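Residue numbers (this note's numbering), protein chains in the order written: chain A, 1 to 358; chain B, 1001 to 1358; chain C, 2001 to 2358; chain D, 3001 to 3358.
No residue lacks a Cβ here, since even glycine has one placed at the ideal position from N, Cα and C.
None of the values given here were measured: they were computed from a predicted structure.
Working notes for the structure below.
Number of protein chains: 4
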Amino acid sequence: MGKTRVCVVGATGFAGVEVVRLVLGHPNLELTMVTDRKEAGTPIANVYPSLAGICDLPFSLPEPAAIAQAADVAFLAVPHTASLAITPQLLGLGVTVLDLSADYRLHDPELYEQWYATPHTSPELLDKTVYGLPELNRAGLKALAARHAQGEPVLVAVPGCYPTATALAAIPAFEAGLATGDLVIADAISGVSGAGRKATARTHYCHANESVEAYGVAHHRHTPEIEQTLTQVAGRPMSVVFTPHLAPLTRGLLSTVYMSAADGVTAADVQAAYERRYADEPLVQALPAGQMPATASVVATARAQVGVALDDRRRRVIVASCAIDNLGKGAAAQAVQCANVVLGFEETTGIAQAAPLI
Amino acid sequence: MGKTRVCVVGATGFAGVEVVRLVLGHPNLELTMVTDRKEAGTPIANVYPSLAGICDLPFSLPEPAAIAQAADVAFLAVPHTASLAITPQLLGLGVTVLDLSADYRLHDPELYEQWYATPHTSPELLDKTVYGLPELNRAGLKALAARHAQGEPVLVAVPGCYPTATALAAIPAFEAGLATGDLVIADAISGVSGAGRKATARTHYCHANESVEAYGVAHHRHTPEIEQTLTQVAGRPMSVVFTPHLAPLTRGLLSTVYMSAADGVTAADVQAAYERRYADEPLVQALPAGQMPATASVVATARAQVGVALDDRRRRVIVASCAIDNLGKGAAAQAVQCANVVLGFEETTGIAQAAPLI
Amino acid sequence: MGKTRVCVVGATGFAGVEVVRLVLGHPNLELTMVTDRKEAGTPIANVYPSLAGICDLPFSLPEPAAIAQAADVAFLAVPHTASLAITPQLLGLGVTVLDLSADYRLHDPELYEQWYATPHTSPELLDKTVYGLPELNRAGLKALAARHAQGEPVLVAVPGCYPTATALAAIPAFEAGLATGDLVIADAISGVSGAGRKATARTHYCHANESVEAYGVAHHRHTPEIEQTLTQVAGRPMSVVFTPHLAPLTRGLLSTVYMSAADGVTAADVQAAYERRYADEPLVQALPAGQMPATASVVATARAQVGVALDDRRRRVIVASCAIDNLGKGAAAQAVQCANVVLGFEETTGIAQAAPLI
Amino acid sequence: MGKTRVCVVGATGFAGVEVVRLVLGHPNLELTMVTDRKEAGTPIANVYPSLAGICDLPFSLPEPAAIAQAADVAFLAVPHTASLAITPQLLGLGVTVLDLSADYRLHDPELYEQWYATPHTSPELLDKTVYGLPELNRAGLKALAARHAQGEPVLVAVPGCYPTATALAAIPAFEAGLATGDLVIADAISGVSGAGRKATARTHYCHANESVEAYGVAHHRHTPEIEQTLTQVAGRPMSVVFTPHLAPLTRGLLSTVYMSAADGVTAADVQAAYERRYADEPLVQALPAGQMPATASVVATARAQVGVALDDRRRRVIVASCAIDNLGKGAAAQAVQCANVVLGFEETTGIAQAAPLI
């Protein structure tokens, strides 16, 4: 059987080139096209010298017809609204879409319009889209796989980086009924690649290096996405107060989540719930009691590690911390994980590696 | 008038050598002695080559009698219990003590014994000790100055790094009555120098670099110190859930604090309260609305910067973030600030510099 | 056909755990044993949490008999002399050895004794050992492969990190006769992982961060190894003046090499020679004219990138710069590359990936 | 006596804001004006939050007449050619100029035109300009001081960062006659601030972090400046082969210099020459035998540290390594050092501090 042909749209961005890297190393996928509007015609290794001798594709323009001719599956690593602009056409042309943008993540198009300040131009697709957090929505992804196997192109909305880590930190506590109330505080730290490849004052080495700072306080766009997932998991309307921070590392993201503990919950209950919840997950590890995850342990991988503690000294608060790679499990590797499920491959194909950093 | 003679006890540690650096640049202080038990006899520049050509003192043993002979003031940059071991003697010999350890910070000796797992051997000194956060306890420090001017040796307990940043982030909200309830969540990030100069697996460059992680969750020793200050400021018993994180920078500390907003409080109220509270503070800046502090802006200084926001979308939470240098305002520079007050110098003498980093 | 069973000796060190990671992802190798004297009994994921859920082997003691029972091939990631202590036994027990230590790299045992201040206890093995730089000694490695295919255990001395990068930078110039004289200056920069996993003053984050420094000037132990290779390549006795530097990065090594240009040599000659020399090498890239390599382009890989320029303004000097990962092409990945040749696999099996860092 | 009034032209650049910081802390200088064409009207703390509460000057346009009205001395922290455009006018208006650009560093205007690809429009000023490396040209600077004391405005060309470190590494060997030949190899490493404040692909955190690379090989513009100084020191025409590298640190620069040793020179001769040469220099330290400098030891200071070794194993080469801060001794602090001499202050006034980094 031949390999599935893949186009990466927006392959100069950090998430895009990470999809490229993963597809190049994937036994069942074949990279046939990379697109970037500004770099059309330029060989990819001119922009990313790490690909010299490995990939000699030039960038193409992101024309849906050309993509549909070259590829069976498209990964869209583009800013919001750019996906709205081509996803309907790609699906219409028979191309299955893994969308890494925010355009199809929120089920409610009004919420999208409110947070992204632009109308949602294809709300009719939202019902058929699956929010691609396999640890939560594996059944939904498998339903897509069934449709895909019938020849139908499908659409996966790949979750954002902060929502992924925050969800993985909170899911076991809410699913097991250990967390009460309607408020979660999520305090997160991201590496600088999360700010994108554009050279700005904020991404200048001399600004980002040797410094940490909060940003987007009280209005970061990942907020409604986090609330949507928490609400799904808790079974009641949930709010989040979410504060992202920037720290001087290239890749890596940590979300530390604070949840009110239900009466009578013990530290052992919490630890057991987390271990049980992730025992069969191939890419998520609940760490032993007393251990908290370091982002270096999962950098450049599809993996997540979660640690949890109960602060029961005075007020009873569950503190859970989840480490991912913002470009890996938080973007590209999770997109490939979703693609594996949708295309009928073993879920960890091509993304099972351990973190290469020490 | 001659300069005040200074001994730095524990001058090989990171906070100790920072006191050394500040004393060397201080117009009214003269460094006459540096001590370290293991390095006795070694010139300080052999351990810290940055001092080559600047200071040629050798390390001495930390003998109280010798210290009292050489110096009028001692800065103790030592681990907890080491200060208990010599502070009473130093005071008895007429030496004023700026104690950077935790030994005299908690007013309640039982709390000390509970958190530090060792009895407090000089509880009788606690009543006379001032907790040296000048922005909160300036009157207390000035009372010490009056006693010192009479020839009486005095004792200042210099605050810990996390408690300093957390207090500065929370004080305006509580003092102005904008924050309700009895729980504060403090989520903080520190540079690696906070872990001390000892070479360990955790401080190895290849472990700390390119990684962030939480540590000491639910049981860090700065917890009761934070609660003591919050309780003082709020005027009611306060609890904190405190999570420190380690990030890959040498110096710098950020504490992001979450407080429940009282009914009717607006974002403008909050911003005004913070600006008003710090308007006359020489070393603390409330940033303009919408701006959050970066640790690089205060690195290697005695300064703090604070930003604040109100998340009033659903649940009403005040989010305030304070940036300091863990070794500067969080340790050595704050100790010098306290010494300036106690010795009758202008409060910012020798510590008014802007951050040297970009 | 079954997989070849592998033991990694010294698997707690940085090079050792990198071999572990590569073997775990290698389709033809099976990791059956990891050893470390101090950690015997401890699961490897307790020491390296990145392996949680991926590898649950505990460390064993490095006993040759046990190794021979568990494995067909041993990678020795040990300090010098530790390999001398077990390699003869392992070979005697039928185990093929990839030695990452310095013990069998120098053909001349007297040179070893002079630089490593210890007698060489198995000089009789040196004649049969191949210095495992495949780009230079591929024929020798293939001869080992033939012997190994006959059931004979063989020994590969995997090159050091600085010698690998320096050799790859110099080989084309000398092989093509473009470089004259008997002296090469090699000025190199390494990431901190090159200093090993031991926690020391030098590897403390706060020492290594935000600083560069030279070390081992005029007496680094890689000097005779570099000279041995240059002499082989030039066909005349060569000397090197070699200065390594430490820079604040975890992984990565750059060697910039200065060679006297022969009369009449042009920049085009030099560029052509480098491109030609590496045109068919799967893991080494000669960059286009005017481009110099960045270590990030090869981090965590078996790859090398080389750039070259001719300074012909006044004095005529060829300047070539080679980037590798000190733990990858400079240690573990090159060991696997050698193993692939010796075991008869395609040379890049399991080590063809692109660099995961941006 | 009043303070000398200072204008910093180009105060948004990294070197410019470092002059600002130093002038703000200088007891004899008063900052009266900062200029930047693009930011005219903006308070400086809006661009550099570290100055919040410390300096509230807004940026002005760099108009010579306005500068002459506001200031007695102007520091020009501008790109080359921008100084040519205003220096003659400033001098004509009676303003003494410390020029941090390259415009007046080369004595030979033809060399300037050749390397900077633009005509030198005020070559008549070159004879009166002093190249401001005080350790080499202190007499020249004192002659300027005498002219300045007579009311004459004077011009100092502040050296470049690489030329400063390279000169300080080479001067003792050449002055003492220990180095022979006409070629020096200078292999240098700079922090990213050396690339300037402009946000580019190269200064993006994710490009510069965790990577080292050579750049400008064989054609960096500091080359003729280095040769001019070496020729002055050696007393014969000297050439340099100069290779700068970029490393992941904000500030700091190391130049490692290779010089042929004269016959009979011993390691003790070399060490003694370096110690003797810098014994009376307040800001340059020759380190003890066997010790090499780390850039962290001098970061954010006006200081330099130099280490030296003789490689006399086969070929005899003197290897000297000099650490400076590229923005400190390599730019702003050296400019203030020159200003101190020219204005008749003690040479280290305001720039005597020890490095604040650990």
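Which chain A residues are close to residue i, counting only those with a beta carbon under 7 Å from its beta carbon?
i, result
"Arg-1147 of chain B", "The premise fails here: Arg-1147 of chain B is roughly 36 Å from chain A at the closest Cβ pair, so nothing lies under 7 Å."
"Arg-2021 of chain C", "Ala-354, Pro-356"
Mind listing the chain B neighbours of residue i? Cutoff is C-beta to C-beta under 9 Å, in chain order.
i, result
"Gly-3025 of chain D", "Ala-1352, Gln-1353, Ala-1354"
Per DSSP, what are the beta-bridge partners of residue i in this structure?
i, result
"Ala-2320 of chain C", "C:Val-2257, C:Val-2308"
"Met-2033 of chain C", "C:Cys-2007"
"Val-3284 of chain D", "D:Ala-3304"
"Ala-3268 of chain D", "Per DSSP, none; premise fails for Ala-3268 of chain D."
"Ala-294 of chain A", "B:Glu-1213"
"Pro-2043 of chain C", "C:Pro-2058"
Can you pull the chain A residues whose beta carbon is under 9 Å from the beta carbon of residue i, in chain order?
i, result
"Ala-1247 of chain B", "Ile-189, Val-212, His-245, Ala-247, Pro-248, Leu-249"
"Ala-2302 of chain C", "By Cβ distance, chain A contributes nothing, its closest Cβ being about 12 Å from Ala-2302 of chain C, past 9 Å."
"Tyr-1215 of chain B", "Met-292"
"Arg-2276 of chain C", "Ordered by position in chain A, no residue passes the 9 Å Cβ test against Arg-2276 of chain C, which lies about 15 Å from the chain."
If the cut is a Cβ gap below 7 Å, which residues of chain C does residue i touch?
i, result
"Pro-79 of chain A", "Here the premise fails: no neighbours, minimum Cβ distance about 18 Å."
Residue i touches chain C at which residues, Cβ-Cβ below 8 Å?
i, result
"Met-49 of chain A", "Note on identity: in this sequence residue 49 of chain A is Pro, with Met being the wrong assignment. Within chain C, the residues near Pro-49 of chain A are Leu-2287, Gln-2291, Pro-2293, Ala-2294, Ser-2297, Gln-2305."
"Ala-52 of chain A", "Gln-2285, Leu-2287, Ser-2297, Gln-2305"
Thinking C-alpha only, which one of the options is nearest residue i?
i, options, result
"Val-1034 of chain B", "B:Val-1073, B:Gly-1328, B:Pro-1027", "B:Val-1073"
"Glu-3124 of chain D", "D:Gly-3216, D:Thr-3042, D:Val-3192, D:Tyr-3104", "D:Tyr-3104"
"Pro-3062 of chain D", "D:Leu-3155, D:Gly-3041, D:Glu-3225", "D:Gly-3041"
"Lys-38 of chain A", "A:Ser-60, A:Leu-24, A:Leu-76, A:Val-23", "A:Ser-60"
"Gly-2181 of chain C", "C:Val-2240, C:Val-2097, C:Ala-2102, C:Asp-2108", "C:Val-2240"
"His-3245 of chain D", "C:Ser-2321, C:Val-2020, C:His-2207", "C:Ser-2321"
"Asn-3391 of chain D", "A:His-107, A:Leu-106, A:Ser-193", "One cannot answer for residue 3391 of chain D here, as it falls past the ends of chain D, which runs 3001 to 3358."
"Leu-2178 of chain C", "C:Val-2233, C:Ala-2146, C:Thr-2081", "C:Val-2233"
"His-220 of chain A", "A:Lys-198, A:Arg-202, A:Asp-187", "A:Asp-187"
"Ala-309 of chain A", "A:Ala-302, A:Ala-300, A:Gly-290, A:Arg-315", "A:Gly-290"
"Asp-3108 of chain D", "D:Ala-3143, D:Pro-3027, D:Glu-3227, D:Arg-3315", "D:Glu-3227"
"Ala-1333 of chain B", "B:Gly-1002, B:Gly-1025, B:Val-1130, B:Lys-1003", "B:Gly-1025"
At a CB-CB cut-off below 8 Å, which residues of chain B make contact with residue i?
i, result
"Gly-3177 of chain D", "Those do not exist, as Gly-3177 of chain D stays about 26 Å from chain B at its closest Cβ, beyond 8 Å."
By the criterion of Cβ-Cβ separation under 8 Å, what are the contact partners of residue i in chain D?
i, result
"Phe-14 of chain A", "Cys-3206"
"Ile-1171 of chain B", "Within chain D, no residue comes near Ile-1171 of chain B; the closest Cβ sits about 17 Å away, beyond 8 Å."
My understanding is that residue i touches residue j, with C-beta atoms under 8 Å, so please give their C-beta distance in whole angstroms.
i, j, result
"Ser-1297 of chain B", "Tyr-1162 of chain B", "Between Tyr-1162 of chain B and Ser-1297 of chain B the Cβ distance is about 19 Å, and since that is not below 8 Å, they are no contact."
"Glu-2281 of chain C", "Glu-2135 of chain C", "6 Å"
"Ala-2117 of chain C", "Leu-2093 of chain C", "Wrong, their Cβ atoms sit about 29 Å apart, outside the cutoff."
"Ala-3052 of chain D", "Gln-1285 of chain B", "5 Å"
"Phe-1014 of chain B", "Leu-1327 of chain B", "6 Å"
"Met-2292 of chain C", "Ala-2173 of chain C", "The pair is not a contact, with the Cβ atoms about 16 Å apart (cut-off 8 Å)."
"Ser-3211 of chain D", "Thr-2295 of chain C", "5 Å"
"Arg-197 of chain A", "Thr-12 of chain A", "7 Å"
"Gly-16 of chain A", "Ala-70 of chain A", "About 16 Å; that fails the 8 Å criterion."
Counting only Cβ pairs nearer than 9 Å, list the residues of chain D close to residue i.
i, result
"Thr-166 of chain A", "Near Thr-166 of chain A there are no residues of chain D at all, since even the closest Cβ is about 23 Å away, more than 9 Å."
Along chain A, in chain order, which residues have C-beta atoms closer than 8 Å to that of residue i?
i, result
"Gly-2041 of chain C", "Here the premise fails: no neighbours, minimum Cβ distance about 16 Å."
List the residues of chain C that residue i touches, going by C-beta distances under 9 Å, in chain order.
i, result
"Ile-86 of chain A", "Ordered by position in chain C, no residue passes the 9 Å Cβ test against Ile-86 of chain A, which lies about 25 Å from the chain."
Residues of chain B with a CB under 7 Å from the CB of residue i: which are they?
i, result
"Ile-185 of chain A", "Ile-1185, Tyr-1258"
Scan the stretch 2148-2197 of chain C and note each continuous alpha helix (DSSP H) run of 4 residues or more that stays entirely inside, going in chain order.
-> DSSP runs (the alpha helix (DSSP H)) wholly in the stretch 2148-2197 of chain C: 2161-2175.
Residue ranges of each alpha helix (DSSP H) run of no fewer than 4 residues wholly in the stretch 1056-1141 of chain B, ordered along the chain?
-> Counting only runs of 4+ residues, the alpha helix (DSSP H) found wholly inside the stretch 1056-1141 of chain B occupies 1064-1070, 1082-1092, 1109-1116, in chain order.
Give, in chain order, every unbroken run of the beta strand (DSSP E) that is at least 3 residues long and sits entirely within the stretch 195-253 of chain A.
-> Every unbroken stretch of the beta strand (DSSP E) spanning 3 or more residues and falling wholly within the stretch 195-253 of chain A is given here in chain order: 239-246.
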